[in-house]
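Heads up, the sequence shown is in the UniProt record's numbering, so the first residue is 1 and it goes up one at a time.
Every residue, glycine too, gets a C-beta built ideally from N, C-alpha and C.
Below: the structure, in structure tokens.
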Amino acid sequence: MTDLKRFGVSVDKDLLQQFDELIAGTYDNRSEAIRDLIRDKIVTEKAQEELDEVIGVLTLIYNHHQHNLPDKLVGIECDYNCLFKSNLHLYLDQKHCLEVVVIQGPTQKIQKVAHKLSGLKGVKHSKLNLTTTEPDL
1 MTDLKRFGVS VDKDLLQQFD ELIAGTYDNR SEAIRDLIRD KIVTEKAQEE
51 LDEVIGVLTL IYNHHQHNLP DKLVGIECDY NCLFKSNLHL YLDQKHCLEV
101 VVIQGPTQKI QKVAHKLSGL KGVKHSKLNL TTTEPDL
């Protein structure tokens, strides 16, 4: 990291104590933690811009005994094949599966396919985490 700039931040005493407790054992100092928070906010905002190329991880937990659900999941994945980079499938128990999908493309398309998958009957939980593919953070 080059060209570091120092700046002051006014923070409520209790909030600072909570922050220090949160970062204890994880970061060497507050500066590292604050830089990480700033980067995270930038990445989150960039990933929400509709024209940007992003990469994300979509996690689904679903009942694989739900009528035709596995076929519907595969059908949607085939329809958007160019976005799907990799996936992991685990059986959690007799009834439930975990699907983790790495997906890359324009934000709007990724969100559309994530909504289609998560909206299927039998999907118990879904979460989409997006990040930017830009290297300049």
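{"Asked": "C-beta contact flag for GLY56 and LEU83 at 7 Å", "Found": "no"}
{"Asked": "Terminal residues of the beta strand (DSSP E) in which GLN104 lies", "Found": "96-106"}
{"Asked": "Beta carbon of ILE61 nearer than 7 Å to that of HIS115", "Found": "no"}
{"Asked": "DSSP beta-bridge partners of LEU60", "Found": "GLU99 and SER126"}
{"Asked": "Candidates SER10, LYS112, LYS95 and ALA24, of which the one nearest ILE103 by Cα", "Found": "LYS112"}
{"Asked": "LEU128 vs VAL101 beta-carbon contact at 7 Å", "Found": "no"}
{"Asked": "When ASP28, ASN29, ARG35 and LEU15 are compared against LEU4, the one with the closest alpha-carbon", "Found": "ARG35"}
{"Asked": "Residues that PHE84 bridges to, as DSSP identifies them", "Found": "ILE103"}
{"Asked": "Residues bridged to HIS89 [DSSP beta-bridge criterion]", "Found": "GLU99"}
{"Asked": "Backbone CA spacing between LEU69 and LYS95 [nearest angstrom]", "Found": "12 Å"}
{"Asked": "Cβ-based burial, CYS97 [other Cβ within 10 Å; buried from 16]", "Found": "buried"}
{"Asked": "Exposed unless 16 or more other CB atoms sit within 10 angstroms - verdict on GLU21", "Found": "exposed"}
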